[in-house]
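>
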Amino acid sequence: MSDTIYMSGRDGTLHPLSVAGYENEDNFQDLLADHPDLLAGSQMNPEEPRRWVLVDREFGIGDTEGGTRWALDLLFLDQDGIPTLVEVKRSTDSRIRRKVVGQMMDYAANAIRYGDVDTIRRLFDRTHANAPNVLDQTLKVADAEAYWDNVRDNLNQGRVRMVFVADRIPRELRRIVEFLNEQMRPAEVLAVAVQRYTDAQSQSSVFVPRVIGQTEAAAHKKGTSPQDYTRDAFFAELTSNTDPATVGAMQAVCDHVDQKEGCDLQGTPGGLDIRVHGYKLFRIGPNGSVWTTTARTRKFVDADDWAALVDRAPAQLDHPDARNEQRHPQGSLAEVEDLSAWTENATAFIDWCAQKAAAQ
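Here it is in structure tokens:
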């Protein structure tokens, strides 16, 4: 892109605006945090332009459960609940060429492995005084709970977006980004050059973002939006991802649901939802994960029965003692030592919840 652009004045005069850098990285981060549209969501997806909300600055990422080893510059979410990890560097920083790529891979891998949707939601609520309105007005999200379900599913399946932002993207980084974006699925790797132009007279600035990494090959490999799982497709993927014991446990749970009056399975892009009399109870994922939200169970379990629910919930779906505490109990069956006992507990839990849901 040219180092000079021209702005037309009311009198028809052209005023040159010259490329100007950013004073420091913090100011650059401030700009993106306040104006996430500079990430150029319409260039990333012209048919469904990406819209963003900020979750946190210096978002902590750990390489162990509950730990914090690194700090990501900016974490955003888009309207599909896809976590968008943003690293910001000025082109004068030598780390922009190769070191930042390794950093981002560490961040993404560990965010997927140890990412906690409860933490992300808490930070989002802390960042925005009226979080539900932000989801509604900025992302056009009608069902907040379904949205946070999507965030969890995206983390669970590795559907994240990694974005390198700089005033100029060096050739070495561009080649790496294009290569990674063509090879990685469902994750996405992009760079955004946000050049700043200033008018020497008025000191006004113009910002011009440009997305890098959206090659035709990458677009073809990413394909269309994820589809709802059928039962057959779910168990085919589960079989390739996990061990026979996990497959057997989930198969037994699904068979039980099929035979239980008022219960059913519903396919989603993130797995299969187990429902009791129309209420979503918990979700099973194609990597052996199980999870739910307290917002779901509160819909059919009242305060008098909450302690009984806490006692009956199987491992990995542990509910908090306080009914009004917003949580997303979650875990993996790979961490369960006795899957036979877990299956027995899970089916009994489904039966008890079905009884409570039927009474609503």
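Residue numbers (this note's numbering): 23 to 382. The C-beta atom is built at its ideal place from N, Cα and C for all residues, glycine as well.
Select from 50, 48 and 25 the residue whose C-alpha is nearest the C-alpha of residue 39.
25
> For residue 143 and residue 170, what's the separation of their Cα atoms in angstroms?
Answer to the nearest angstrom: the Cα atoms are 8 Å apart.
> Have a look at residue 333 and residue 319 and give me their C-alpha separation to the nearest angstrom.
Going from the Cα of residue 333 to the Cα of residue 319 covers about 14 Å.
> Excluding the 5 residues preceding and the 5 following residue 36 in the sequence, name in chain order all residues of the same chain whose CB lies nearer than 8 Å to its CB.
28, 29 and 30
> Hey, out of 74, 64, 131 and 283, whose CA is closest to residue 91's CA?
Nearest neighbour of residue 91 by Cα position, chosen from 74, 64, 131 and 283, turns out to be 131.
> I'd like to confirm the pairing. Which residues does DSSP put opposite residue 74 in its beta bridges?
100
> Any contact of the stretch 278-297 with the stretch 161-177, i.e. 3+ C-beta pairs under 8 Å?
Cβ pair count under 8 Å is three or more, so yes.
> Are there 16 or more other CB atoms within 10 angstroms of the CB of residue 352, so buried, or fewer, so exposed?
buried
> Would a C-beta distance cut-off of 8 Å place residue 369 and residue 275 closer than the cut-off?
The beta carbons of residue 369 and residue 275 sit closer together than 8 Å.
> Considering only residues of the stretch 190-278, which uninterrupted beta strand (DSSP E) runs meet the minimum length of 3 residues and lie entirely inside it, listed in chain order?
210-220 and 227-234
> How should residue 163 be labelled, buried or exposed, when 16 other C-beta atoms within 10 angstroms of its C-beta is the threshold for buried?
By the neighbour-count rule (16 or more Cβ atoms within 10 Å), residue 163 is buried.
> In the DSSP output, what is residue 27 paired with across the bridge?
39
> Opposite residue 302 in the DSSP bridges: which residues?
297
> Can residue 231 and residue 216 be called in contact, C-beta distance under 8 Å?
yes
> Does DSSP classify residue 289 as helix, strand or coil?
strand
> Could you tell me the alpha carbon to alpha carbon distance between residue 73 and residue 100, rounded to whole angstroms?
Just so you know, the alpha carbons of residue 73 and residue 100 end up roughly 5 Å apart.
> In the DSSP output, which residue or residues are listed as bridge partners for residue 184?
107 and 211
> Are the stretch 308-317 and the stretch 183-192 touching, with three or more C-beta to C-beta distances below 8 Å?
no
> Taking DSSP's pairing of strands, which residues face residue 94 in a bridge?
81
> Nearest to residue 361 by alpha carbon, out of 265, 58 and 304?
265
> Is the CB-CB distance between residue 97 and residue 110 below 8 Å?
In this structure, the beta-carbon distance from residue 97 to residue 110 does not fall below 8 Å.
> Within the continuous beta strand (DSSP E) that includes residue 354, where are the two ends?
352-354
> Look at the Cβ atom of residue 312, then the Cβ atom of residue 260, and state whether they are nearer than 8 Å.
no
> Can you list the alpha helix (DSSP H) stretches of 4 or more residues lying completely in the stretch 318-366, in chain order?
Runs found: 328-334.
> Counting along the chain, where does the alpha helix (DSSP H) carrying residue 122 start and finish?
121-136
> When the Cα atoms are used, what is the spatial distance from residue 212 to residue 106?
Looking at the two C-alpha atoms, the distance is approximately 10 Å.
> Reducing DSSP to helix, strand and coil, say where residue 163 ends up.
coil
> How close, in whole Å, do the beta carbons of residue 301 and residue 282 come, if the pair is a contact with beta carbons under 8 Å?
The pair is not a contact, with the Cβ atoms about 13 Å apart (cut-off 8 Å).
> Looking at residue 179 and residue 208, is the spacing between their C-beta atoms short of 8 Å?
It is a contact, given that the beta carbons lie within the stated cut-off.
> Can you say whether residue 222 is buried or exposed, counting buried as having 16 or more other CB atoms within 10 angstroms of its CB?
The residue in question, residue 222, is exposed, as its Cβ has fewer than 16 Cβ neighbours within 10 Å.
> Anyone know if the C-beta pair for residue 140 and residue 350 falls short of 8 Å?
yes
> Could you give the C-beta distance for residue 214 and residue 61, rounded to a whole number, given that I count them as a contact under 8 Å?
6 Å
> Just the C-alpha distance for residue 257 and residue 273, rounded to the nearest angstrom, thanks.
8 Å
> On a Cα-Cα basis, can you pick out the residue from 340, 268 and 271 that is closest to residue 303?
340 is the residue among 340, 268 and 271 whose C-alpha sits nearest the C-alpha of residue 303.
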